[in-house]
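Chemist: One structure is given below, represented as structure tokens, and several questions about it will come after.
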Amino acid sequence: MAMQGAVAQGVLWGVMTLGVYLTFRVLNIADMTCDGTFALGGSVCAVMVMNNFNPYFALLVAFFLGLLAGGITGFLHTKLKIQELLAGILSMTALYSVNIRIMGRSNTPLLGAETVMSRIQNFFNGMTPNMASLLSGLLFCTVLILVLYWFCGTEIGSALRATGNNGNMVRAMGVDTDKMKILGLMLSNGLIALSGGLVAQSQGYGDVGMGTGTLVIGLASIVLGEAIFGWFSKKLPFWFTLISVVLGSIVYRIVIAVVLQLGLKSSDLKLLTSIIITIALAIPIIKQQSVKFSGRLHNRQGA
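Last residue of the sequence shown: 302 in numbering that gives the first Met the number 0, with the numbers rising by one and none dropped.
Right, here's the structure in full:
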């Protein structure tokens, strides 16, 4: 049951990882807004679901509010020329107060409320909560991966990816890179807020602090996915990269569940996450050094 729950949470958080991927890998921006946006999605969904709104409509509202939050960060960075990291911190700080204002308190339980997961459980009579969360997460991740893959193949999507790769070249071609950055930040935070709403409905509560460490968790999932599946190919196709970051989120949650079962304290999880990210980021360097060492060894044997 613990592993099943870990996989289910990994898939739900995988939606967030897709959002972080857009800023961190596509735009080359470490956006701190996501810590506040994740909680924003959870807060909005918790309040709306408790007031008998359709849980899917609540997710849609969370997504659009995430778009708005990302747009504000983009405006601060591109129009007011505030450094991207600081712009994200400012938005994240403001969202803490906004989330408390939305809920009217720091925590909103969803006792007895109808959620996406409860609807799936009712549709498939006898399905466990973990399986309902897993199924809903898989559906959302599948649709989002297909949409993102299609979007990044369009003219606007290609311009967005090119902005992160070489902004000066794209600017010389007449593309407004400021608009591309704002668009990327909006889409990223929209997905992160959507993930926050899904997690809140799955866990049965919305909390003002539920987004703490979202960026770090997202980065851990991305580098884990890339490190694990990067062994099979030096250059992963874009569609598989999107899948790999979701799989990285699942692997991350499984690792956390395993170490907790082995007796590690929950207070040590941040230390573990930092170690995981460090190891995953070091894997490409280790691979390079191993290739160089093998080459030198081969040359010596040949001599």
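Virtual Cβ for every residue (Gly too), placed ideally from N, Cα, C.
Under 7 angstroms between the Cβ atoms of ALA256 and ALA5?
Modeler: The answer is yes: Cβ separation under 7 angstroms.
Chemist: Name the residue from SER42, ASN50, ASN51 whose alpha carbon lies nearest to the alpha carbon of ALA61.
Modeler: Ranking SER42, ASN50, ASN51 by Cα distance to ALA61 puts SER42 first.
Chemist: Is there contact here, the region 92-108 with the region 30-37, by at least three beta-carbon pairs under 8 angstroms?
Modeler: Flag = yes, the region 92-108 and the region 30-37 touch.
Chemist: Just curious, the beta strand (DSSP E) that ASN53 is in, first and last residue?
Modeler: Counting along the chain, ASN53 falls outside any beta strand (DSSP E), and DSSP gives it neither H nor E.
Chemist: Between the Cα of GLY224 and those of GLY9, ALA1, MET2, THR176, spot the shortest distance and give me the residue it belongs to.
Modeler: Selected option, being the one with the closest Cα: GLY9.
Chemist: Assuming LEU11 and LEU197 form a contact by the criterion Cβ under 8 angstroms, report the distance between their Cβ atoms to the nearest whole angstrom.
Modeler: Indeed they touch by this definition, with Cβ atoms about 5 angstroms apart.
Chemist: If you draw a straight line from the alpha carbon of GLY163 to that of GLY203, how long is it in whole angstroms?
Modeler: Their Cα atoms are separated by approximately 37 angstroms.
Chemist: Could you check the C-alpha separation between LEU218 and VAL25 for me, to the nearest Å?
Modeler: Straight-line Cα distance between these residues: approximately 13 angstroms.
Chemist: In whole angstroms, give me the CA-to-CA distance for ILE221 and GLY212.
Modeler: In a straight line, the C-alpha of ILE221 is about 14 angstroms away from that of GLY212.
Chemist: In three-state DSSP terms, what is THR305?
Modeler: It is not possible to answer for residue 305, since the shown part of the chain is limited to 0 through 302.
Chemist: Quick check on LEU186: buried or exposed, where buried means 16 or more other Cβ atoms within 10 Å of its Cβ?
Modeler: So LEU186 ends up on the buried side.
Chemist: What residue ranges within the region 197-265 form continuous beta strand (DSSP E) runs of no fewer than 3 residues, ordered along the chain?
Modeler: Listed in chain order, they are 204-206.
Chemist: Run through the DSSP bridge pairs and tell me what ASN106 is partnered with.
Modeler: Answer is ASP206, bridged to ASN106.
Chemist: Expressed to the nearest angstrom, what Euclidean distance is found between the alpha-carbon atoms of THR153 and LEU159?
Modeler: If you take the alpha carbons of THR153 and LEU159, they lie about 10 angstroms apart.
Chemist: In angstroms, rounded to a whole number, what distance separates the CA positions of SER248 and TYR55?
Modeler: Taking the straight line from one Cα to the other gives about 23 angstroms.
Chemist: What's the call for LEU84, buried or exposed, on a 16-neighbour Cβ count within 10 Å?
Modeler: So LEU84 ends up on the exposed side.
Chemist: If you reduce the DSSP assignment to three classes, tell me which class LYS180 lands in.
Modeler: LYS180 falls in the helix class under three-state DSSP.
Chemist: Assuming PHE237 contacts TYR148 under a Cβ cut-off of 8 angstroms, what Cβ separation, rounded to an integer in Å, is found between them?
Modeler: Right, their Cβ atoms sit about 7 angstroms apart.
Chemist: Given this structure, state the Cα-to-Cα distance separating SER135 from MET49, to the nearest angstrom.
Modeler: If I take the Cα positions, the gap works out to 20 angstroms.
Chemist: By DSSP, does LEU66 sit in helix, in strand, or in coil?
Modeler: LEU66 falls in the helix class under three-state DSSP.
Chemist: For GLY205, which of ALA45, VAL254, LEU193 has the nearest alpha-carbon?
Modeler: Minimum Cα distance to GLY205 is reached at ALA45.
Chemist: By the 10 Å Cβ neighbour count, where 16 or more other Cβ atoms means buried, how is SER243 classified, buried or exposed?
Modeler: By the neighbour-count rule (16 or more Cβ atoms within 10 Å), SER243 is buried.
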